[in-house]
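**Q** Attaching a single structure in structure tokens format; questions to follow.
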Amino acid sequence: LGGGRRVEIHNNKFAGCDNGVEYDDRGLTWQTQYCEKNGIFNQQLNAVNYQKPPWSTHYPYLPDIYNQQPCVPVYDHITMNQYCCGKVENCKMVTDSTSTCTGWNS
265 LGGGRRVEIH NNKFAGCDNG VEYDDRGLTW QTQYCEKNGI FNQQLNAVNY
315 QKPPWSTHYP YLPDIYNQQP CVPVYDHITM NQYCCGKVEN CKMVTDSTST
365 CTGWNS
């Protein structure tokens, strides 16, 4: 996930891969200009008139996005997943819990 909002990654098993879920806060670090009030994201939203139907009715949280931490990956849920680093054979799966995700309100 490159930031993102309202993403659900639930009840998966990740094995034999480098990263089961890669989750970052690019809107707070190297991509801040993208989501600033007059940045590219704002221009793209305005181009589709995001505060009016059909966008405002299909995504009711969208008209208020600039009052809800627009650069923070909020409201994401990465839950009940299991991870195994290294080879698939004889691996011990571990569960996910991290204070970083909690700090981002996800």
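Here this note's numbering = 1-based position in the sequence shown + 264. Every residue, glycine too, gets a C-beta built ideally from N, C-alpha and C.
Per DSSP, what kind of secondary structure is Tyr298 in: helix, strand or coil?
**A** Helix at Tyr298.
**Q** On the three-state DSSP scale, how would you describe Tyr347?
**A** In the structure shown, Tyr347 sits in a strand (DSSP, three-state: E or B).
**Q** Rounded to whole angstroms, what is the Cα-Cα separation between Thr321 and Val285?
**A** Distance between the alpha carbons of Thr321 and Val285: 30 Å.
**Q** Are the beta-carbon atoms belonging to Asn345 and Asn276 less than 7 Å from one another?
**A** Cβ atoms of Asn345 and Asn276: closer than 7 Å.
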